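Visitor: Counting along the sequence shown from 1, when you hit position 45 you're at 50 in the numbering used here, and nothing is skipped either side.
We put the CB at the ideal spot given by N, CA and C, even for glycine.
For clarity, every value in this text was computed on a predicted model and none was experimentally measured.
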Amino acid sequence: MKKILALALTLSFVSAPLSALTWEEAEYLNKLKQHLGASIPIAERASAAASSGRVQFKYGQLKADLEEMQRLIEQHLNSPQFPRSLTDLTLSYSSVIRQEE
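1) Consult DSSP for Q104 and reduce its assignment to one of helix, strand or coil.
2) On the DSSP bridge list, what partners appear for Q61?
3) Can the beta-carbon of K38 be found closer than 9 Å to that of E79?
4) Run the CB neighbour count on D93, radius 10 Å, all protein chains shown included, and call it buried at 16 or more, exposed below.
5) Tell me which residues share the same chain as T95 and place their Cβ nearer than 7 Å to its Cβ, disregarding the 5 neighbours each side in the sequence.
6) By Cβ distance, which residues of its chain are closer than 8 Å to P22, with the 5 residues on each side in sequence left out?
7) Can you give the Cα-Cα distance for E29 and A55, rounded to whole angstroms?
8) Using 9 Å as the threshold, is the C-beta distance between S99 and K63 below it?
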């Protein structure tokens with residue numbers, strides 16, 4: 006029995022570095038991915054209700070970034086042990102339109 010316990014402890018220490026995710030981290034990342042998915046229809050409704058004022062919000066870019074964040078979270082959840090390249094998010098969602106006088 007002591008040998009089995011020692012083997013189990015040894016395996017748990019050896020296998021821990023193989024996965025970068027803990028159950029808790031995976032749970033939070035799944036929740037975040039769900040919230041990002043729920044944000045997309047909200048952004049689409051906001052886009053439909055937007056006015057054509059001087060400052061325009063870039064809803065298309067926001068949606069693309071939300072989808073990219075979802076994809077990256079899914080990729081991390083499915084293969085966290087492999088290094089991967091990340092694309093930069095825009096993080097600039099407003100533009101000023103100059104009106105001629």
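Guide: In this structure, then:
1) Judged by DSSP in its simplified three-state form, Q104 adopts coil rather than helix or strand.
2) Per the DSSP secondary-structure output, Q61 pairs in a beta bridge with S100.
3) Yes, the Cβ-Cβ distance between K38 and E79 is below 9 Å.
4) A residue is called buried when at least 16 other Cβ atoms come within 10 angstroms of its Cβ; D93 does not meet this threshold and is exposed.
5) Here the set comprises Q66 and D70.
6) Because the pLDDT at P22 is just 44, under 50, the model does not fix this residue reliably, and the point stays unresolved.
7) Whole-angstrom Cα-Cα distance: 38 Å.
8) Yes, the pair counts as a contact, with Cβ atoms nearer than the cut-off.
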